[in-house]
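S.K.: Questions regarding the structure given below will be posed in turn.
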Amino acid sequence: MLVIGLTGGIATGKSTVSSLLRSHQIPIVDADIIAREVVQPGTPALADIVKVFGPEVLLPDGSLDRKKLGSIIFNDGAKRKKLNGIVHPAVRREMVWQVVRHWIRGERICVLDVPLLIEGGLWKWVGKVVVVYCSADLQLQRLMQRDSSDVEDARSRLDSQLPITEKVAYADQVIDNSGSKQELEEQVEASVKRWVKEAGWAWRLSWLFPPYGLAAAAWSLFWRRMRKSNKKLR
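For what it's worth, this note's numbering labels the leading residue of the sequence shown as 597, then goes sequentially.
Structural data, given as structure tokens:
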């Protein structure tokens, strides 16, 4: 199974690309959705959050008060690190299980939709990194329009993230969302066809004979790291 990591910057159109891929029946493992699911009432992650931050981070119905928690960690790097240490492992475990379930079903392609794919190091564990790109100026314009924010607020949000140009440096493929919706749809359709071709017949062999799949995945990850290392040396 070809596992693809999909990422981008704020307001570059990653979510739109993810929706278009769903319309092509491509399985999506969405990190944002999982991050909300792993802290639902009754989950181990929520229990650990309450142990660290206290019961005041809960709403009356027992669910997580995200606004309250956000105010606690906003200017406190140590507390934010503690929160990430609880949530991120839970998210990653669920992502792995979802990928495994798609493989068991015989899917030939699976896309991991992860905003922090590069920052979190998950790019090392996928077969292909796809970055949804638009220029920084267009990104700023779209963010202001989407959130009805002024230039200063929008620029501040962009500055808090890894620049999209740096994410592109990790990409095996770039989907350029600088044009129209139709142009984006055409790029996504062409990408799906390309990925199906790349998956080839090997996906069925790896499904029928798991040791082959594990060996192929290990080789793919090793080759990815070697290529990335070579890029850094240039």
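Where is the CB? At the ideal position from N, CA and C, for every residue including glycine.
Would you mind sorting Y808 into buried or exposed? The rule is 16 or more other CB atoms within 10 Å of its CB.
M.R.: Residue placement at Y808 cannot be trusted, given a pLDDT of 48 that sits under 50; what the coordinates show is reported in the next sentence. The residue is exposed, with fewer than 16 neighbouring Cβ atoms inside 10 Å.
S.K.: Taking L679 as part of the alpha helix (DSSP H), name the residues at either end of that continuous run.
M.R.: G673 to I700
S.K.: Excluding five sequence neighbours on each side, which residues of the same chain lie with their C-beta closer than 8 Å to the C-beta of L739?
M.R.: Closer than 8 Å at the Cβ level, and outside the excluded window around L739, lie I606, A607, S745, A750, R753 and L754.
S.K.: May I ask you to report which of helix, strand or coil DSSP gives S614?
M.R.: helix
S.K.: Could you tell me which residues DSSP pairs with T603 in its beta bridges?
M.R.: V727
S.K.: Would you identify the three-state DSSP class for V764, choosing helix, strand or coil?
M.R.: In the structure shown, V764 falls within a helical segment according to DSSP collapsed to helix, strand and coil.
S.K.: Can you have a look at V727 and say buried or exposed, based on whether 16 or more other CB atoms are within 10 angstroms of its CB?
M.R.: buried
S.K.: Identify the continuous beta strand (DSSP E) that holds L654 and give its terminal residues.
M.R.: Element bounds for L654: n/a, residue is neither H nor E.
S.K.: With three or more C-beta pairs closer than 8 Å as the rule, is the segment 608–623 touching the segment 712–728?
M.R.: yes
S.K.: In angstroms, rounded to a whole number, what distance separates the CA positions of T603 and I771?
M.R.: 10 Å
S.K.: Could you tell me whether the Cβ atoms of I682 and K675 are closer together than 7 Å?
M.R.: no
S.K.: Name the residue from L718, Q783 and H620 whose alpha carbon lies nearest to the alpha carbon of R689.
M.R.: L718
S.K.: DSSP state of K827, grouped into three classes?
M.R.: Unreliable positioning characterises K827 in this predicted model, as indicated by a pLDDT of 49, which lies under 50. The coordinate reading is nonetheless provided below. If DSSP states are grouped into helix, strand and coil, K827 belongs with the helices.
S.K.: Below 8 Å, can you find three or more Cβ-Cβ pairs linking the segment 647–656 to the segment 692–709?
M.R.: no
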